[in-house]
Amino acid sequence: MKAFIQRMGALSLVLAFGLMLAACGNKEAEQRTAFIEFLQTRVLDKPGLRVPSPSEEQKASFGDYAKHYAVITDFTEGMNKSVSQPMGEVMAKGALRSIGDLATRRDDLKAAKEGLAGLRTALDQQLAKADAARAQLKQPDDLKQVYDKAYEKTVSTPAATFKEVFPALDTTFDGALAVGEFLQQNKSKIQISGASVTVTDPALQAELNKMLQNLNGQSAAINAAQRKMQAVVRGG
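Sequential numbering of the sequence shown, starting at 1, is according to the numbering used here.
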């Protein structure tokens with residue numbers, strides 16, 4: 001009888017342990033469901049680029065999956081801090097208001113070009129960091145399908161689109177510097193007054209016109225890249 005009671009006690013422990021595991025399993029399923037719903041309704045179903053900050057209550061409902069979302073938010077914060085915000089400074093330094101700026105603001109253009117190289121490096125680092133963190137995530141198939149789409153929308157696509165702007169900007173800065181150098185080398189034959197340019201040598205006039213046409217074409221490439229970025233952000 002005593003042995004039977006001991007076996008019953010052991011069975012009770014086994015059953016209790018099994019129920020405890022089942023409870024843990026259900027908790028994970030609930031957390032996963034909450035996280036999937038958040039990604040679907042707050043990120044994927046919204047137009048444009050949206051990386052909302054979950055409330056503390058929502059984070060708690062995600063359980064360990066909150067760390068998975070942190071991969072996305074960390075990338076967004078890092079990109080804003082090290083790329084998007086400094087980009088404004090680069091663009092301001094490289095902004096040209098007249099043809100005269102091409103000759104007088106060459107140092108600013110060189111600084112803008114150097115700053116652009118730093119932004120490209122920063123973006124590569126932020127993306128590599130996010131991709132590495134994502135590769136370490138263990139996700140059930142139902143979550144992975146939704147998470148992959150959210151990651152593509154909030155990390156991969158913005159990074160790739162941003163990268164398209166860099167070559168266009170780099171080429172434009174090179175073109176602007178070339179024009180500025182040309183104007184400086186031929187300043188005795190080229191008179192600039194505001195938006196008006198007078199060239200005494202017809203050959204120089206033709207060469208300058210060609211260089212300015214190329215520069216305008218490069219500016220069009222930048223505008224096209226910026227429109228694509230705006231479409232990503234707005235969802236157009």
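Even glycine gets a Cβ: it sits at the ideal position worked out from N, Cα and C.
Buried/exposed call for residue i, threshold 16 Cβ in 10 Å
i    : result
A195 : exposed
P140 : exposed
Q218 : buried
P158 : buried
A225 : buried
G48  : exposed
K113 : buried
G94  : buried
A220 : exposed
A128 : exposed
A130 : buried
Residue i - DSSP class collapsed to helix/strand/coil
i    : result
A231 : helix
A111 : helix
V51  : coil
D45  : coil
K59  : helix
N186 : coil
R97  : coil
R105 : coil
Q226 : helix
P140 : coil
N216 : helix
Opposing strand residues paired with residue i [DSSP bridges]
i    : result
I192 : V197
Supposed contact pair residue j and residue i - C-beta distance, whole angstroms, cut 8 Å
i    : j    : result
L177 : R106 : 6 Å
Y51  : T154 : Here residue 51 turns out to be Val, not Tyr, going by the sequence shown. Right, the Cβ-Cβ distance comes to about 5 Å (below 8 Å), so this counts as a contact.
I36  : V146 : 5 Å
L102 : L183 : 6 Å
R83  : L123 : The question names Arg, but residue 83 is Val in the sequence shown. The Cβ separation is near 5 Å, so the contact holds.
T255 : K210 : The question about residue 255 has no answer, for the chain in this structure spans 1 to 236.
I222 : I99  : Incorrect: roughly 18 Å between the Cβ atoms, too far for contact.
Distance CB(residue i)-CB(residue j) smaller than 8 Å
i    : j    : result
D201 : K189 : yes
L143 : R32  : yes
Q126 : M79  : yes
L39  : A150 : yes
L204 : N216 : no
F166 : L116 : yes
T73  : S55  : no
L109 : P86  : no
Y69  : F62  : yes
L212 : V199 : no
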